[in-house]
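Participant: In my numbering, the protein residues as written are 3 to 320.
Built from N, CA and C at the ideal position, the CB exists for glycine as well.
Can you keep this structure in mind? I'll have questions shortly.
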């Protein structure tokens with residue numbers, strides 16, 4: 003296969019996620035050339051900790067966006083905050099209460115996901131408005147529960163900072179979750195129903211797909227993943243904070259788009275979320291290492307994102 007054939011293959015809609023992985027590799031090579039291979043290796047090691055959170059929120063957002071045009075979840079930051087705060091509060095720093103804290107945190111995710119869906123379905127509020135509105139309510143609840151926050155239990159912090167074969171345990175957890183989600187999307191009835199819903203909701207309904215049930219599950223799954231992210235963030239940072247999910251609102255959308263998921267719905271890609279997350283994290287790390295100011299970082303960041311999206315031939319169905 004010649005260069006022209008390779009480029010044509012990469013531009014095909016079957017492999018849009020390759021561009022995000024190629025972008026991540028390119029940035030890493032630049033870091034290695036400028037700062038040395040050892041520094042580049044350390045950057046990758048750090049990325050396997052902090053880029054994982056981009057991956058998790060990206061996976062949740064990808065599920066929602068795959069459900070079709072207009073579907074988006076802007077309540078993820080508040081779900082991260084509330085689940086982290088409540089989970090850590092209930093654990094009270096005790097290892098024997100970890101399972102209780104995890105159960106309550108995941109229950110928060112179910113509650114937030116159901117609330118988002120009901121606002122969209124019952125009150126007919128557009129998803130972007132419904133999820134943004136619910137985020138204010140959820141964040142307010144988190145504020146009332148954030149007084150006197152204890153540290154996470156030692157066992158939870160130990161897990162969050164442990165490594166297996168040199169790879170952080172939280173990265174292994176994210177890999178397992180990603181593999182499970184990829185299987186669900188591509189090998190199960192629910193995955194096929196979600197893809198059909200994203201491509202054409204009416205056609206999916208006529209074909210017998212339980213459209214509203216599938217849409218409800220997507221919002222619940224996204225919120226559950228956000229809740230898990232909140233717990234892991236609290237464990238890694240040594241405590242839960244009200245603002246720990248704020249930066250992930252736009253990042254969750256960016257990694258989905260850059261990763262090759264169809265913005266108009268119908269086709270998600272788990273591998274693309276990983277590639278885009280590494281690409282964005284490595285880019286930010288390189289700019290920080292070069293001492294770029296906030297303005298310069300924002301410009302370069304935006305240009306690189308546009309370049310990857312354009313190079314992939316990514317289009318939005320009208």
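For residue 188 and residue 295, I'd like the C-alpha separation in whole angstroms.
Facilitator: Position 186 of the chain shown, counted from the first residue, corresponds to residue 188. Position 293 of the chain shown, counted from the first residue, corresponds to residue 295. One C-alpha to the other measures close to 42 angstroms.
Participant: Between residue 288 and the ligand GDP, is the CB less than 7 angstroms from at least one heavy atom?
Facilitator: Of the ligands one can find in the structure shown there are none, so the ligand GDP has no counterpart to examine.
Participant: What is the DSSP secondary structure of residue 327, reduced to helix, strand or coil?
Facilitator: The structure shown does not extend to residue 327, since the chain spans only 3 to 320, so no value can be given for it.
Participant: What residues match up with residue 170 in a beta bridge as DSSP calls it?
Facilitator: As a first step, residue 170 is located in the chain shown; it is residue number 168 there, counting from the start. In the DSSP output, where bridge partners are listed per residue, residue 170 has 165.
Participant: Rank 292, 277, 233, 177 by C-alpha distance to the C-alpha of residue 19 and give the top, closest one.
Facilitator: Position 17 of the chain shown, counted from the start, is the residue given in the question as residue 19. Selected option, being the one with the closest Cα: 277.
Participant: Distance, Cα to Cα, residue 169 vs residue 49?
Facilitator: In the chain shown, counting from the first residue as 1, residue 169 sits at position 167. In the chain shown, counting from the first residue as 1, residue 49 sits at position 47. Their Cα atoms are separated by approximately 11 angstroms.
Participant: Pair every Cβ in the stretch 203-220 with every Cβ in the stretch 76-93, then say whether three or more of these pairs are closer than 8 angstroms.
Facilitator: They do not touch, by the three-pair rule.
Participant: Alpha carbons only, please: which of 290, 273, 298, 293 is nearest the one belonging to residue 23?
Facilitator: By 1-based counting over the chain shown, the position of residue 23 is 21. For the residues 290, 273, 298, 293, the minimum Cα distance to residue 23 belongs to 273.
Participant: Residue 241 to residue 112, Cα distance in whole Å?
Facilitator: Reading the chain shown from its first residue, position 239 is the one you call residue 241. Reading the chain shown from its first residue, position 110 is the one you call residue 112. Each residue's Cα considered, the two are about 22 angstroms apart.
Participant: Does DSSP put residue 159 in a helix, in a strand, or in coil?
Facilitator: In the chain shown, counting from the first residue as 1, residue 159 sits at position 157. Helix, per DSSP.
Participant: With burial defined as no fewer than 16 other Cβ atoms inside 10 Å of the residue's Cβ, what is the status of residue 36: buried or exposed?
Facilitator: Here the question's residue 36 lines up with position 34 in the chain shown. It is exposed - the Cβ of residue 36 has fewer than 16 other Cβ atoms within 10 Å.
Participant: Going by DSSP, what residue range makes up the alpha helix (DSSP H) through residue 196?
Facilitator: As a working note, residue 196 is residue 194 in the chain shown. Here the alpha helix (DSSP H) through residue 196 covers 191-201.
Participant: Helix or strand or just coil, what does DSSP make of residue 69?
Facilitator: In the chain shown, residue 69 corresponds to position 67, counting from 1. Here residue 69 sits in coil by DSSP.
Participant: Using a Cβ-Cβ cut-off of 8 angstroms, state whether residue 79 counts as contacting chain B.
Facilitator: No chain B is present in this structure, which holds just one protein chain.
Participant: Tell me which same chain residues have a C-beta within less than 7 angstroms of the C-beta of residue 229, skipping the five on either side of it?
Facilitator: As a working note, residue 229 is residue 227 in the chain shown. Excluding residues within five positions, the ones whose Cβ falls inside 7 angstroms are 81, 85, 107, 108, 110, 111.
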